[in-house]
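6 is the number of the first residue of the sequence shown in our numbering; add one for each residue after it.
We put the CB at the ideal spot given by N, CA and C, even for glycine.
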Amino acid sequence: MATIKDVAKLAGVGVGTASRVISGKGSFSEAAAARVEAAARQLGFRPSAIARALSLQSTGTIGVFVPDFKGPFYGPLLDAIDAELRQHDRHMVAANGCGDEDTRQQSLDGVRFLIERECDGIIMCSNALRDADFAALRDDFANLAIVNRDVKGMKAHCFTVDHRAAGRAAADALLAHGHRRIAVITGPAIAGDNKQRLQGLFDRLGEAGIAADAVMVEEGDFSAPSGWAACERLVARKPKITALFCANDQMAMGAISFLGHHGIRVPQQWS
Numbered sequence: 006m007a008t009i010k011d012v013a014k015l016a017g018v019g020v021g022t023a024s025r026v027i028s029g030k031g032s033f034s035e036a037a038a039a040r041v042e043a044a045a046r047q048l049g050f051r052p053s054a055i056a057r058a059l060s061l062q063s064t065g066t067i068g069v070f071v072p073d074f075k076g077p078f079y080g081p082l083l084d085a086i087d088a089e090l091r092q093h094d095r096h097m098v099a100a101n102g103c104g105d106e107d108t109r110q111q112s113l114d115g116v117r118f119l120i121e122r123e124c125d126g127i128i129m130c131s132n133a134l135r136d137a138d139f140a141a142l143r144d145d146f147a148n149l150a151i152v153n154r155d156v157k158g159m160k161a162h163c164f165t166v167d168h169r170a171a172g173r174a175a176a177d178a179l180l181a182h183g184h185r186r187i188a189v190i191t192g193p194a195i196a197g198d199n200k201q202r203l204q205g206l207f208d209r210l211g212e213a214g215i216a217a218d219a220v221m222v223e224e225g226d227f228s229a230p231s232g233w234a235a236c237e238r239l240v241a242r243k244p245k246i247t248a249l250f251c252a253n254d255q256m257a258m259g260a261i262s263f264l265g266h267h268g269i270r271v272p273q274q275w276s
């Protein structure tokens, strides 16, 4: 395998000049650049990723932490991030939560793994971390982007959507179809997006004269199995409802599966 010394020798320049041409940093003449580039092509030279990282003080990688690699949210999110990074000659290093520890510790361990890999920046998506955790991580590693979360004091780092407006829109859709007897399957109480969606939902229902205590509520964890289980608990309470709001798509899929399995037609009987 050819080295930078081989390229410099064939091009008739010093190793320093060859390194500057390859890295694109520093001064060199057009003639020297042409000879170095020709020599590199002739020798099939490919610069070491480690050497390039040391030279440029950049690994060319962006770390991404998500709780899970699967599902209709995280899978497409990872695909989109990877595709965009490749457009900018960057590569993704992904980590997820795993192990026997609680989800908060799994998230912290996953992000620290990415920091230790000396990624140029880290994109985080976690409902398990507290605002103080994000602040502490930012103090250790400044190049953080936080997805789907509003963190107090870190607005410039956060990229999210208006979950409250989404909750209101869901309530509007149910009300527009004449529903007044509504049940809810929530996500984890700690999850900020869950809280905001519910706030928007209940605010709009309240405006329509439906009190929060008139709405039957069961909690899930954003997974399809938890949607099934929460729906099972709802049905066991023999509710006189016509519509069900689920705080995310996966729980909705679990709930719809349970209802279909037990002969409750969607949307004919429950919306």
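Beta-carbon proximity check, residue i vs residue j, cutoff 8 Å
i, j, result
"Asn148", "Gly172", "no"
"Val166", "Phe250", "no"
"Leu113", "Asp136", "no"
"Val20", "Lys30", "no"
"Ala133", "Leu119", "no"
"Leu15", "Gln47", "yes"
"Thr64", "Cys130", "no"
"Ile128", "Val69", "yes"
"Gly76", "Ala7", "no"
"Phe227", "Gln255", "yes"
"Leu180", "Ala213", "yes"
"Ala252", "Asn199", "yes"
"Pro52", "Thr108", "no"
Three-state class that DSSP yields for residue i in the structure shown
i, result
"Ala33", "According to the sequence as given, residue 33 is Phe; it is not Ala. The answer is coil: DSSP assigns Phe33 none of H, G, I, E or B."
"Leu82", "helix"
"Phe118", "helix"
"Leu15", "helix"
"Phe164", "strand"
"Cys124", "coil"
"Ile195", "coil"
"Thr247", "coil"
"Leu278", "Missing from the structure shown is residue 278; the chain here goes from 6 to 276 and no further."
"Ala147", "coil"
"Met159", "coil"
"Val69", "strand"
"Met258", "helix"
"Val271", "coil"
"His93", "coil"
"Ala44", "helix"
"Ala23", "helix"
"Ala171", "helix"
"Ala99", "strand"
Cβ neighbours of residue i in the same chain (closer than 6 Å, five flanking residues each side left out)
i, result
"Arg143", "Leu149"
"Gln204", "Arg169"
"Ala229", "Gln255, Met258, Gly259"
"Ile261", "Val271"
"Cys236", "Ala260, Phe263"
"Ala248", "Leu179, His184, Ile187, Ser276"
Residues near residue i in its chain [Cβ-Cβ closer than 8 Å; skip 5 each side]
i, result
"Ile215", "Arg185, Ile187"
"Ala140", "Val156, Gly158, Met159"
"Ile195", "Asn132, Ala133"
"Arg270", "Leu264"
"Arg95", "Gly65, Thr66, Ile67, Asp125"
"Ser32", "Arg25"
Rounded Cβ spacing between residue i and residue j (contact assumed at less than 8 Å)
i, j, result
"Val26", "Ala37", "7 Å"
"Gly192", "Gly225", "6 Å"
"Arg122", "Val98", "6 Å"
"Ser231", "Gly259", "7 Å"
Sequence-distant residues of its chain with Cβ nearer than 7 Å to residue i (five each side left out)
i, result
"Cys163", "Ile151, Arg154, Asp155, Val156"
"Asp177", "Arg209"
"Phe207", "Ala217"
"Ala23", "Ile9, Val12, Ala13, Ala16, Val41"
"Asp145", "Ile120"
"Val18", "Ala37, Arg40, Val41"
"His182", "Ser276"
"Asp87", "Met97"
"Ala175", "Leu206, Phe250"
Any C-beta of chain B under 8 Å from that of residue i
i, result
"Ser28", "This model lacks chain B altogether; it includes just one protein chain."
Exercise for review: List in chain order: all unbroken alpha helix (DSSP H) runs of 4+ residues lying wholly within the region 174 to 234.
Suggested key: Listed in chain order, the complete alpha helix (DSSP H) runs (minimum 4 residues) inside the region 174 to 234 are 197 to 212.
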